[in-house]
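Numbering (our numbering), first residue to last: 688 to 1114.
Glycine included, every Cβ here is placed at the ideal spot set by N, Cα and C.
Nothing here was measured: the structure is a model prediction, and the numbers come from that model.
Accompanying notes for the structure given below.
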Ligand code: SF4
């Protein structure tokens, strides 16, 4: 057993309260269990209890053994002086606050339903990739849907937080945070570290000053990425001359070319092509953050990301190498990828920054419009009978798996709560 089980038992008060008393024999009545605290300090805050004739309000700390209080050094920690009740599985020793006063203890061992303990252990010891797989069919669809929606919202908040970090690090500038997020997105996993490096080494204020001039923008991006060092044709030489001028003007240090990955990649995805597409996008949309707020339906976002590239990149994948087929710029699935990994996190960040739920709903709505193939996470839930229909479902499954199922965090999951409740004998 781990503490998460006791947190769950306390939070839902799933224990026998007959003649409930502290280990000192003081009758105990729980008036409010308190709010679960995920930050430092006691596990539940603002609980209200009646001990004997006296009403107490304060925190509740939960441990498997009472002696864990001392093992965790709470007797020296002022944050734990507000604890009015120590909830334990086994009361093996009295515990003290920093001033030497005794903390009232209640022992739950013998008061918890055996069916619940057994179900908890089944979940914890499961060898299934989704630990609750054997129970899954017994959970009502509405509970699964609600939990997946919660997992989706939490995932978007997490992705939004990454954008917010960029926003703060760039002095609370949304356009710079968008530039940073856009470049990350253009890495499409394989070249993400290189694109991030590029975002750091090529300041946005420099890009902004040359956004109106596509050749200069290409020179900045491709030169800074290290692709103009050996100019291989007349166009590359023209960009190199531009870049040399701008490099000196802004004291830029180009990246080593070896940071870019071309291996096992279709030419249409080469980083040179991506940089040309990025230049086209930055050239066409000079206030991208504002445009992302206004774009509307998913098609508009796709069109926004599919900005035209310069004539040279309609026929080339690399400098000096003309392609047989004609490149059409960013493909639909890449544009959708940018909707998922750039537009949605930016909307989620702005929603969180402004505490605006309608903006978050807009981000969710966008994801629901993107038809996306199942991924390896989604397929695990699909094997249990659930069906994913959109990028929103894929993101929800990913969030559920990473935050809950993989770490077997079933006690904080609404599906796990249903399973526990169903397997509880009447108290
Ligand atoms: S976290 Fe929830 S969905 Fe995942 S295995 Fe546990 S109970 Fe099932």
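request  = Return the chain-ordered list of same chain residues with a C-beta closer than 7 Å to the C-beta of residue 999, the five sequence neighbours on each side being excluded.
outcome  = 922
request  = Check whether the stretch 877–893 touches the stretch 932–945, taking contact to mean three or more Cβ pairs, one atom from each stretch, closer than 8 Å.
outcome  = yes
task = Quick one: which unbroken alpha helix (DSSP H) runs of 4-plus residues sit fully inside the stretch 916–990? Chain order, please.
result = 921–937, 958–971, 975–981
task = Give the secondary structure of residue 876 by DSSP, where H, G and I count as helix, E and B as strand, and everything else as coil.
result = coil
message = If you follow the beta strand (DSSP E) that residue 716 is in, where does it begin and where does it stop?
response = 715–719
request  = Select from 1007, 1031, 760 the residue whose C-alpha is nearest the C-alpha of residue 981.
outcome  = 1031
query = Per DSSP, residue 735 forms a beta bridge with which residues?
reply = 719, 744
request  = Starting from the C-beta of residue 807, find all residues in its chain whose C-beta is less than 6 Å away, skip the five residues before and the five after it, and write them out in chain order.
outcome  = 692
key: Under the three-state DSSP convention, the category residue 772 falls into   = strand
query = How would you write the range of the alpha helix (DSSP H) that residue 805 sits in, first residue to last?
reply = 801–812
message = ligand 1 and residue 1091: does the residue's C-beta get closer than 7 Å to at least one heavy atom of that ligand?
response = yes
task = Starting from the N-terminal side, write out each stretch of the alpha helix (DSSP H) that is 4 residues or longer and does not extend beyond the stretch 999–1068.
result = 1019–1025, 1031–1040, 1044–1056
ask   = Is the beta carbon of residue 943 within less than 7 Å of some heavy atom of ligand 1?
value = no
key: According to DSSP, residues forming a beta bridge with residue 699   = Answer is none; residue 699 lacks a bridge partner.
Supposed contact pair residue 701 and residue 775 - C-beta distance, whole angstroms, cut 8 Å = Not confirmed; about 16 Å, so no contact.
ask   = Applying the criterion that 16 or more other CB atoms from any shown protein chain within 10 Å of the CB defines a buried residue, is residue 1094 buried or exposed?
value = exposed
query = With a CB to CB cut of under 7 Å and the five nearest residues on each side skipped, what residues in its chain are close to residue 929?
reply = 902, 903, 906
request  = Rounded to whole angstroms, what's the CA-CA distance from residue 729 to residue 761? Just pull it up for me.
outcome  = 9 Å
task = Below 7 Å CB to CB, which residues in the same chain sit around residue 991 once its five sequence neighbours on both sides are set aside?
result = 972, 978, 982
task = Could you name the residues of the same chain whose beta carbon sits closer than 7 Å to that of residue 1073, not counting the 5 residues immediately before and after it, in chain order?
result = 831
query = Considering only residues of the same chain and omitting the five flanking positions on each side of residue 853, which have a CB-CB separation below 6 Å?
reply = 864, 867
request  = Tell whether a beta-carbon distance below 8 Å holds between residue 749 and residue 690.
outcome  = yes
request  = Compare the C-alpha of residue 1053 against each of 1041, 936, 1070, 1033 and name the closest.
outcome  = 1033
beta-carbon residue 1102 near ligand 1 non-hydrogen atom, thresh 7 Å = yes
Three-state class that DSSP yields for residue 693 in the structure shown = helix
inquiry  = Looking at residue 1059: is its Cβ nearer than 8 Å to the Cβ of residue 1023?
reply    = yes
message = Measuring only from the beta carbon, is residue 877 closer than 7 Å to any heavy atom that is part of ligand 1?
response = no
query = Near residue 716, what residues of its chain come up, given a Cβ to Cβ distance below 6 Å and the 5 sequence neighbours on each side ignored?
reply = 737
query = The beta strand (DSSP E) with residue 792 in it runs from where to where?
reply = 792–794
query = Among all the DSSP beta bridges, which residues are the ones paired with residue 893?
reply = Residue 893 pairs with nothing; no bridge assigned.
inquiry  = Please identify the residue among 818, 777, 1057 whose C-alpha is closest to the C-alpha of residue 987.
reply    = 1057
Identified DSSP bridge partners for residue 777 = 752
request  = Give a yes or no on whether the C-beta atoms belonging to residue 1106 and residue 826 are separated by under 8 Å.
outcome  = yes
ask   = Does the distance from the CB of residue 910 to the CB of residue 934 come in under 8 Å?
value = yes
key: Best match in 894, 893, 936, 876 for proximity to residue 952 [C-alpha to C-alpha]   = 876
ask   = Which ranges does the alpha helix (DSSP H) cover as unbroken runs of at least 4 residues, wholly within the stretch 1065–1107, from first to last along the chain?
value = 1078–1087
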